[in-house]
Amino acid sequence: MFPTAFHHPGKPIAEFKVPHFGGAFPGTASLVVGDDGGSAANGDDEDSASDGGKHGDGTSHTLSVQGLDNGSSDPSSQIAAVGGADVAGAQTTFKGSWELFVENAGVSAMHMVLLPKIDQALMFDATVWKISKLKLPGPPCRKVEGTNEEDCWCHSILMDVETGNIRPLRIEHDTWCSSGALDVNGRLVSTGGYNNGSDTVRILDIAPNSEWIEYPGALGNGRWYATQVTLADGRFMVFGGRDFPTYEFVPPQGQKNTRNEVHAFKFLVETHDQYENNLYPFVYLSTDGNLFIFANNRSILLNPNNHQIVYEFPVLPGGARNYPASGSSCLLPIILNPNENRRVIPAEVLVCGGAPHEAFEKADLERPKVFLPGNTDCARMDITKRNGKWKVINMPSARLLGDAVVLPTGDVLLINGAKSGSAGWDDARDPNLNPVLYKFKGDGTGSKFTVMNPSNIPRMYHSSFAVLPDSKILIAGSNTNPGYVYNTLFPTEVRVEKFSPHYFDPNLAQFRQEIVVEQSDNQVKFGQKFHVQIREGSAIEQAKLQVTIYSPPFTTHGISMNQRLIQLGIEEFNNGKIVVQAPMNGNIAPPGYYMLFVNYNGVPCRRSMWIQILP
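Taking full-length UniProt numbering as reference, the numbering of the sequence shown is continuous, increasing by one, and the terminal residue is 615.
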């Protein structure tokens, strides 16, 4: 992280005219403080965000919330109820377990994504440091642009998530703080980065022995700390990045955008404060086809077809949530009914943690460094309601630089990060070693936090994760240093762990089902009824069955691009054959590959199945 005065190479924004959006945005809903018994603020309260057009917020870094059931009990006495997304499950006091999976991955995983079908995790770092802990297997080495140097170190790997075997990949154009998403065929489409990578599009296929294909100059603006989102038709848009409050559609392979294909975005101008706090914005495709965009402390719905702002939601008080304040966020599970025919399918977002607006200044620019406490709150809101209100709840501890992992059951695991400071080089302290489980309930009632067992490896700035087919969580990365540095407070981290969540309680093993892949449908169209076969060993109650599909995210810097879990409605169940209906359209589930899980009594199956939703 550099101070905001540091600019990266790119194409100037001065040529763009910022469109006039008209008068005040139409948000008029008041903020609801508290969930499950929390106190509500009326429209006259000073903390109320009743005017959706207001840009300011309070001065404290977390809201004072009294009388909450959520997160307010003694964590050591909490009992996690297995089973999320409104499906009751077995009870357990098991708070997870950790295992060291790989001692040396060779690279520190600033970015990670699980690739479909081949079950390999793609991990990559930046090339700017010209160093890692893994040499390329042989020539050619990377030519360092503008010099006579050669870089023979590896900066990108594929890791087998079962064996830990590693295959080095060559990459030419710098991926530092880049963005990405999986396309309909399971390929990673990576955008942006630093220096010669800032306007680059890269593609990695899932075919055997694939290597990176890179297209420098494909983007109309440089994209450093930008967010990539998948649309209902499978296309991509990329938002923001340092110095460029704009967005553009990612061009088809081999094509290039001109500056005329870049859209100026006043919202990113307005949410850029003195210390940015709006990089890596949270962007989600809503079930109505609009894009929910959260930056700093404000959020809107944008129509991606006519480029109009549909609505602005109330300000979320309590500090900043985006880079470098670096909170985390996820789209909560989308729950579909059997024979689904609702016109509007509810969709909620969760935003957790972050830091005071001035946290970066205190930690990075002041001497001695000052590490302000991070935010201790989470907030959720239905983004399909035009009177959506933030419901704010307290976490058991502060967290920034963390990740919000949507588990196969629909619950959310808050993992990685720190309790004080900011994103940036050596700008955070107090590693938050304990994951926290957020039990998801669709109506908010009964939702609660449970503190899980800690890791002994700090995962700070530049950490990442992936949900695995066996429903464990792969965790890697952490580098608070400009380079690979080991004699420091938080050394560059190349170890890779797996975390087994609460549903791996040995006493619950009896509920773990097995999908018979060869007898199940693995390619479907929108709205199609299809079946999944499980191997029946004992009597199974349909009411305790849950079928979910999960889109693997591209994770970096606490943002999980295109992470999406959908609970399918079960039409019938007989002799191990589960009949479910695919989502009706791409607004609910963009085309591409999903991991399909069958959960019973709140316990995921032994191994998920890859399923492709066709465009």
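Beta carbons are placed, not taken as given, at the ideal position from N, Cα and C, and that holds for glycine. Predicted, not measured: the structure shown is a model, and the values here were computed from it.
Beta-carbon separation of M452 and P435 under 7 Å? Cβ distance < 7 Å, so M452 and P435 count as in contact.
Check whether the stretch 375 to 387 touches the stretch 281 to 291, counting contact only when three or more Cβ pairs, one atom from each stretch, lie closer than 8 Å. Yes: the two stretches touch, three or more of their Cβ pairs being nearer than 8 Å.
Check for me: the beta strand (DSSP E) holding E348 runs from which residue to which? Where E348 is concerned, the enclosing beta strand (DSSP E) stretches over 348 to 352.
Which two residues bound the contiguous alpha helix (DSSP H) that contains F292? Here F292 belongs to no alpha helix (DSSP H); instead the beta strand (DSSP E) covers 291 to 295.
Is it right to say S198 is buried, meaning 16 or more other beta carbons lie within 10 angstroms of its own, or is it exposed? Its Cβ being crowded by 16 or more others within 10 Å, S198 is buried.
Inspect the beta-carbon positions of A379 and A355 and report whether they are closer than 7 Å. No, they are not a contact pair.
Secondary structure of V517, DSSP reduced to three states: Correct three-state label for V517: helix.
Kindly provide the ranges of any alpha helix (DSSP H) runs that are 4 or more residues long and lie completely inside the stretch 225 to 278, ordered along the chain. Counting only runs of 4 or more, we get 266 to 270.
Could you check the C-alpha separation between Q581 and P251 for me, to the nearest Å? Taking the straight line from one Cα to the other gives about 32 Å.
Report the rounded CA-to-CA distance for E312 versus I293, giving the unit in angstroms. If I take the Cα positions, the gap works out to 10 Å.
Could you pull the start and end residues of the beta strand (DSSP E) that F554 belongs to? Unbroken beta strand (DSSP E) run through F554: 554 to 556.
Between the stretch 550 to 558 and the stretch 386 to 398, are three or more C-beta pairs nearer than 8 Å? Here the stretch 550 to 558 does not lie against the stretch 386 to 398, with fewer than 3 beta-carbon pairs under 8 Å apart.
To the nearest angstrom, how far is the alpha carbon of V524 from that of P615? Each residue's alpha carbon lies about 9 Å from the other.
Member of P583, I611, N585 whose CA lies at the smallest distance from the CA of Y594: For the options P583, I611, N585, the alpha carbon positioned closest to that of Y594 is the one of I611.
Which residues in the same chain have their Cβ closer than 7 Å to the Cβ of L169, if we skip the five residues on either side of it in sequence? Counting only Cβ-Cβ distances below 7 Å, and skipping sequence neighbours, we find S156, I157, L158, E211, W212.
What would DSSP say about K419, mapped onto helix, strand or coil? Look at K419 here: in three-state DSSP terms it is strand.
If the criterion is Cβ atoms closer than 7 Å, does the pair V603 and Y503 meet it? Yes, these two residues count as a Cβ contact at 7 Å.
Would a C-beta distance cut-off of 7 Å place Q120 and A181 closer than the cut-off? Cβ distance not < 7 Å, so Q120 and A181 don't count as in contact.
Tell me whether N296 is buried or exposed, calling it buried when 16 or more other Cβ atoms sit within 10 Å of its Cβ. Classification for N296: buried.
Rounded distance between the beta-carbons of Q519 and Q510, thought under 8 Å: Rounded, the Cβ-Cβ distance is 22 Å, inconsistent with contact.
Nearest by alpha-carbon distance to E497: which of I566, G527, A466 is it? The shortest Cα separation from E497 among I566, G527, A466 belongs to A466.
Are M609 and G527 closer than 7 Å when you measure CB to CB? If you check the CB distance, M609 and G527 do not come in under 7 Å.
Touch check for the stretch 257 to 266 and the stretch 334 to 353: three-plus C-beta pairs under 8 Å? Contact fails: fewer than three Cβ-Cβ distances are below 8 Å.
Output needed for N587: all residues of its chain with C-beta closer than 6 Å, excluding positions within five of it in sequence on either side, in chain order. Residues A232, T287, G289 of the same chain have their beta carbon placed closer than 6 Å to that of N587, with the five preceding and five following residues left out of the count.
In or out: R187 buried (at least 16 other Cβ within 10 Å) or exposed? Buried, since its Cβ has 16 or more Cβ neighbours within 10 Å.
Taking DSSP as the reference, what is the three-state secondary structure of F363? Phe is not the amino acid found at residue 363; the sequence shown has Ala there. Of the three classes helix, strand and coil, the one that applies to A363 here is helix, per DSSP.
Close Cβ partners of D273 (< 8 Å) along its chain, the five nearest in sequence each way excluded: In its chain, beyond the 5 residues on either side, N296, A320, H357 have a beta carbon closer than 8 Å to the beta carbon of D273.
Per-residue burial, V32 [other beta carbons within 10 Å of its own, 16 or more giving buried]: For V32, the pLDDT reaches just 35, beneath the cut-off of 50, and the residue's location in the model is therefore unreliable, although a value from the coordinates is still provided. Result: buried.
Given 8 Å, three or more beta-carbon pairs between the stretch 529 to 549 and the stretch 566 to 579: The stretch 529 to 549 vs the stretch 566 to 579: in contact.
Tell me whether the beta-carbon of H531 lies closer than 7 Å to the beta-carbon of V579. Their beta carbons are under 7 Å apart, which means H531 touches V579 by this criterion.
Buried or exposed, going by whether 16 or more other CB atoms sit within 10 Å of the CB of Y486? Counting Cβ neighbours within 10 Å, Y486 comes out exposed, since fewer than 16 surround it.
Residue environment, A539, which counts as buried when at least 16 other CB atoms sit within 10 Å: Under this definition A539 is an exposed residue.
Taking the alpha carbon of Y438 as the reference point, which residue from A126, G558, L332 has its own alpha carbon closest? Here the closest residue by C-alpha is L332.
Residues near G58 by beta carbon distance below 6 Å, same chain, minus five either side: At G58 the pLDDT is 35, less than 50, meaning the model places this residue with poor confidence and gives no usable figure here.
Boundaries of the beta strand (DSSP E) in which P431 is found, first to last residue: For P431, the uninterrupted beta strand (DSSP E) run begins and ends at 428 to 431, by DSSP.
Which stretch, first to last residue, makes up the beta strand (DSSP E) that contains K529? In the DSSP annotation of this structure, the continuous segment of the beta strand (DSSP E) that includes K529 starts and ends at 529 to 533.
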